[in-house]
Amino acid sequence: MDALTIKQQNNTIGIVLDKGNKKFVFEGRSLPENTVKFFEPVMKWIEEYKKEPLDQTDIDLNFIYFNTSSAKIILEVLQEFDQIHREGKNVKITWHFMEDDYDIKEAGEEYESMVSVPFEYVEHPEEDYE
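Reading the sequence shown from the start, the letters are residues 1180 to 1309 in the numbering used here.
And the structure:
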């Protein structure tokens, strides 16, 4: 299965979905003009991954900001990984956030309440985001 890499831009997150290297990362600011179109290759990749997932899938989510349309798609992404988890595979979400950014932390907590995948929260100093 080929890796999917989307480079981070000013208004779009960087994404690495690499089964071979066990790397699943979403990071940055998500404000794409067309959210559905932007995430379309991501959803297709996850659909393929679900057919033969790893025994352990660790996903790093490190958002600076995301708009409402991105929030909906992020939930859909999490629900796809949740399905893998409910089918008996180990899945863990590490939700990274900048210190004092309680909005992003609370968003993670809301997502956690909507899926069965365990979340871990990691707070980073502001200089990590400069």
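Backbone N, C-alpha and C define an ideal beta-carbon position, used for all residues, glycine too.
Note that the structure is predicted; figures quoted are calculated from it, not measured.
S1249 and K1223 have their alpha carbons spaced roughly 17 angstroms apart. Closest by C-alpha distance to D1181, out of D1239, K1251, I1252 and P1220, is P1220. Shown here for K1186: same chain residues with a beta carbon closer than 8 angstroms to its own, the five before and five after excluded, namely G1193 in chain order. Annotation: S1295 to R1265 spans about 7 angstroms, alpha carbon to alpha carbon. According to DSSP, H1303 shares a beta bridge with M1277. Only residues of its own chain outside the window of five on either side were considered, and among them N1269 have a CB closer than 6 angstroms to the CB of Q1235, listed in chain order. In this structure, M1293 sits near L1254, with a CB-CB distance shorter than 8 angstroms. For Q1235, the uninterrupted beta strand (DSSP E) run begins and ends at Q1235 to F1245, by DSSP. In the three-state reduction of the DSSP assignment, E1289 falls in the helix class, which pools H, G and I.
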